[in-house]
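*Asks:*
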Amino acid sequence: CEALCYPGLITLAKQLKIELKGVTLDDDGICPNSLLNHIEKYHPKALYLTPTLQNPTTAIMSQQRRQQIIDICQQHQVII
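Using the numbering used here, you'd call the opening residue of the sequence shown number 205 and step up by one each time.
#1: What first and last residue would you give for the alpha helix (DSSP H) that runs through T215?
#2: Classify H242: buried if its beta carbon has 16 or more other beta carbons within 10 angstroms, exposed otherwise.
#3: With DSSP as the reference, label L224 as helix, strand or coil.
#4: For D275, which of helix, strand or coil comes out of DSSP?
#5: Apart from the five residues just before and just after P248, which ones in its own chain have a Cβ nearer than 8 Å to its Cβ?
#6: Can you list, in chain order, the residues of its chain whose CB lies under 7 Å from that of Y252, leaving out five sequence neighbours each side?
#7: Mind checking L239: buried by the 16 CB within 10 Å criterion, or exposed?
#8: Note down the Cα distance separating Q279 from R269, rounded to an integer number of angstroms.
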């Protein structure tokens, strides 16, 4: 599971009382199945990610993976 490491987001989430969850990563970024499982379990309203130069891995998400993430979020009304 991705460790939450961006201090600006962590601080903001704490101030707004928003619970953050990490999603499993592979070499191409967040895993669609893991994202779908998190959506079904936690019903998030938004997804925050860095598809280009992900922090801290510097991974760049493929166009195919980006589209998979977009499709999942659209189907479940999760804002990216």
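Beta carbons are placed, not taken as given, at the ideal position from N, Cα and C, and that holds for glycine.
*Replies:* The relevant details are as follows:
#1: 211-219
#2: buried
#3: coil
#4: helix
#5: A distance below 8 Å between beta-carbons, with the five flanking residues on each side excluded, links P248 to the following residues of its chain, in chain order: K225, H242, V282.
#6: Take Y252, set aside five residues on each side of it, and the residues of its chain with a beta-carbon closer than 7 Å to its own are L213, in chain order.
#7: Buried is the call here.
#8: 15 Å
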